[in-house]
Amino acid sequence: MFFGKTKKKNKPTTIEHPVLGTLIKKTDWYTKKSFIITLWDKTFDLYLCIYSNQKDAVISFEQEEAIRYYLDNQIQIERDIQKMLLNFFHTSDCSLIEKSIQIEGLNFTRNGAISIGLISDFSDEFLEKHIGEDVIFTDSFGMSVYPIKAVLPNEKVYYNFNNKYEGDQL
1 MFFGKTKKKN KPTTIEHPVL GTLIKKTDWY TKKSFIITLW DKTFDLYLCI YSNQKDAVIS
61 FEQEEAIRYY LDNQIQIERD IQKMLLNFFH TSDCSLIEKS IQIEGLNFTR NGAISIGLIS
121 DFSDEFLEKH IGEDVIFTDS FGMSVYPIKA VLPNEKVYYN FNNKYEGDQL
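Read in the UniProt record's numbering, the sequence shown has 52 at position 52, and its numbers run on one by one without any break.
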């Protein structure tokens, strides 16, 4: 008879960061406290994710710089995101985007780039009726907001932008 062993759960590692407060390491580092991002009139309550692929990896100097840049420029970054979304979808009607876009995460890569994961519930019919004809993307896409400002139009490009940038810069 086969008996399944229960896997012992590893207790997450925590550290105190001078700017972000308590960080919790699961596979990557996450802030214990959430941060608010506001796009138009919609707010998103997010935990920041600091990528760390190795078990013993610490937060890199580049990530520290990107975190400080984000915190010092959050309002401008929010404005840039709004502008990039309107440009990408070829519309001036922010309500079309505001109703259908959710921020999935705010990430800081090992090389100091800041990216935002987004998901949408746009239907194909909605896109054809309200959005520019040449917009091709999946329902999970991303944006690079530092050091490059660009929309990363699909999940593959979004997850690979750290290795090879392929998106359209705005």
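Every residue, glycine too, gets a C-beta built ideally from N, C-alpha and C.
Item: Under 7 Å between C-beta atoms of residue 119 and residue 104; Value: yes
Item: For residue 141, three-class secondary structure by DSSP; Value: strand
Item: Cβ shell of residue 17 (< 6 Å), same chain only, five flanking positions each side left out; Value: 23
Item: Those residues which DSSP pairs with residue 115 across a bridge; Value: 107 and 144
Item: Near the ligand FMN: residue 111 beta-carbon under 6 Å from a heavy atom; Value: Among the components modelled here there is no ligand, and therefore nothing to report on the ligand FMN.
Item: Which residues DSSP lists as bridging residue 17, in chain order; Value: 21
Item: Same chain, Cβ closer than 6 Å to residue 13, neighbours up to 5 away in sequence not counted; Value: 25
Item: Whether residue 49 touches residue 69 by CB criterion (7 Å); Value: no
Item: In DSSP terms, what residue 37 is bridged to; Value: 44
Item: Alpha carbon of residue 40 to alpha carbon of residue 74, nearest angstrom; Value: 14 Å
Item: Beta-carbon gap between residue 28 and residue 52 smaller than 7 Å; Value: yes
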